[in-house]
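Participant:
Chains as they are written, first to last, in our numbering: chain A, 1 to 112; chain B, 113 to 228.
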């Protein structure tokens, strides 16, 4: 089992709709969680950190479920510009070193 | 604002050739990283550095070497390139400890390397 798993998609969603996707992680000792966005043939950019109590940034809401070991990203009122691949990232302290474990990403396509 | 700059952006190597990928950041970040990104896989950490003069192995270090002689530069070397090293390479840097909740990694634009 991969340490961080995401549905690769693509999710094809009409403009204005709400879309949500999850990311599961295997190690219960994981401490920090992030969502990054990556446009086609571009570098990843931080979208938002994920806090234990959940957090919101405009149309984006991130939540953490430690009991079930997943994080989620919800996008409301989706825009064409939201089309991208969304990468889930988990920081994990392992053998006195840190490891930054990246999911393979979920591709989102917003259609007019 | 330059941020993180990688050179070159594209390169084709023959098996057995060597090359160095250059990464420079102008944000005075302590932490720097080299990743590779392959289709269907998440970014995988090759090597990283927690400060000038330090380097450490990541998840997939074999076949690569790194150096951090200056705080702003992090070099990735391939001594004898193999087709399995065909990938997109990203350099990144961060100000905070990677274990911090609010750590943001800033990435370069990537280097597309093909080994034939």
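Each residue gets a CB set at the ideal place from its N, CA and C atoms; glycine is no exception. In this text the structure is predicted, and so the values were computed from the model without any measurement.
Can you give me the Cβ contacts of residue 25 of chain A inside the same chain, cut-off strictly under 6 angstroms, excluding the 5 residues immediately before and after it?
Facilitator: The sequence position of residue 25 of chain A within the first chain is 25, counting from 1. Within the same chain, residue 25 of chain A has close Cβ partners 4, 69, 90.
Participant: Looking at chain A, is there any beta carbon in it that lies within less than 7 angstroms of the beta carbon of residue 221 of chain B?
Facilitator: Locating residue 221 of chain B in the second chain gives position 109, counting from the first residue. Yes, residue 221 of chain B lies at the interface with chain A (some Cβ there is under 7 angstroms from its Cβ).
Participant: I need the straight-line Cα distance from residue 100 of chain A to residue 157 of chain B, nearest angstrom please.
Facilitator: Taking the first chain and counting its residues from 1, one reaches residue 100 of chain A at position 100. Taking the second chain and counting its residues from 1, one reaches residue 157 of chain B at position 45. Approximately 7 angstroms, taken between the alpha carbons.
Participant: Compute the Euclidean distance between the alpha carbons of residue 14 of chain A and residue 78 of chain A, then round it to the nearest angstrom.
Facilitator: Mapped onto the first chain, residue 14 of chain A falls at position 14. Mapped onto the first chain, residue 78 of chain A falls at position 78. Their Cα atoms are separated by approximately 8 angstroms.
Participant: Tell me whether the segment 132-142 of chain B and the segment 181-190 of chain B touch, counting them as touching only if at least three CB pairs, one residue from each stretch, are closer than 8 angstroms.
Facilitator: yes
Participant: Report the CB separation of residue 115 of chain B from residue 139 of chain B in whole angstroms; it is logged as a contact under 8 angstroms.
Facilitator: Start at 1 with the first residue of the second chain, and residue 115 of chain B comes out as number 3. Start at 1 with the first residue of the second chain, and residue 139 of chain B comes out as number 27. Indeed they touch by this definition, with Cβ atoms about 7 angstroms apart.
Participant: Is residue 155 of chain B helix, strand or coil when you go by DSSP?
Facilitator: Residue 155 of chain B sits at position 43 when you count from the first residue of the second chain. Correct three-state label for residue 155 of chain B: coil.
Participant: By alpha-carbon positions, which one of A:2, A:104, A:60 ends up nearest to residue 17 of chain A?
Facilitator: Start at 1 with the first residue of the first chain, and residue 17 of chain A comes out as number 17. It is A:60 whose Cα lies nearest to the Cα of residue 17 of chain A.
Participant: For residue 102 of chain A, would you say it is in contact with chain B, using Cβ-to-Cβ distances shorter than 7 angstroms as the test?
Facilitator: For the purposes of this step, residue 102 of chain A is taken as residue 102 along the first chain, with counting starting at 1. Taking a beta-carbon distance threshold of 7 angstroms, residue 102 of chain A counts as an interface residue toward chain B.
Participant: Going by the beta-carbon positions, is the gap between residue 193 of chain B and residue 204 of chain B smaller than 7 angstroms?
Facilitator: Within the second chain, residue 193 of chain B is the residue found at index 81, counting from 1. Within the second chain, residue 204 of chain B is the residue found at index 92, counting from 1. The beta carbons of residue 193 of chain B and residue 204 of chain B sit no closer together than 7 angstroms.
Participant: Using CA coordinates, which residue listed in B:184, B:125, B:127, B:223 is at the minimum distance from residue 206 of chain B?
Facilitator: Locating residue 206 of chain B in the second chain gives position 94, counting from the first residue. For residue 206 of chain B, the nearest C-alpha among the options comes from B:184.
Participant: In the DSSP assignment, what residue or residues form a beta bridge with residue 36 of chain A?
Facilitator: As a first step, residue 36 of chain A is located in the first chain; it is residue number 36 there, counting from the start. According to DSSP, residue 36 of chain A bridges with A:46, A:87.
Participant: Kindly indicate if chain B contains any beta-carbon less than 7 angstroms away from that of residue 14 of chain A.
Facilitator: Start at 1 with the first residue of the first chain, and residue 14 of chain A comes out as number 14. No, because no Cβ of chain B sits closer than 7 angstroms to the Cβ of residue 14 of chain A.
Participant: I'd like the list of long-range same chain contacts for residue 168 of chain B, defined as Cβ closer than 8 angstroms, with 5 residues on each side in sequence excluded.
Facilitator: Along the second chain, read from residue 1 onward, the residue named residue 168 of chain B stands at position 56. Result list for residue 168 of chain B: 159, 160, 161, 162, in chain order.
Participant: So, with DSSP's three-state summary, where would you put residue 14 of chain A?
Facilitator: Translated into positions along the first chain, residue 14 of chain A becomes position 14. Residue 14 of chain A: strand per DSSP, three-state reduction.
Participant: Determine, using beta carbons only, whether residue 43 of chain A comes closer than 7 angstroms to chain B.
Facilitator: Residue mapping note: residue 43 of chain A aligns to position 43 of the first chain, counting from 1. Cβ-Cβ to chain B under 7 angstroms: yes for residue 43 of chain A.
Participant: Pull up the distance between the alpha-carbon of residue 177 of chain B and that of residue 196 of chain B, whole angstroms please.
Facilitator: Here the question's residue 177 of chain B lines up with position 65 in the second chain. Here the question's residue 196 of chain B lines up with position 84 in the second chain. Each residue's alpha carbon lies about 16 angstroms from the other.
Participant: Need the endpoints of the beta strand (DSSP E) that residue 189 of chain B sits in, please.
Facilitator: Position 77 of the second chain, counted from the first residue, corresponds to residue 189 of chain B. Taken as a continuous stretch (DSSP letters only), the beta strand (DSSP E) holding residue 189 of chain B covers 185-190.
Participant: If you reduce the DSSP assignment to three classes, tell me which class residue 52 of chain A lands in.
Facilitator: For this step, residue 52 of chain A is matched to residue 52 along the first chain. It is coil, neither helix nor strand.
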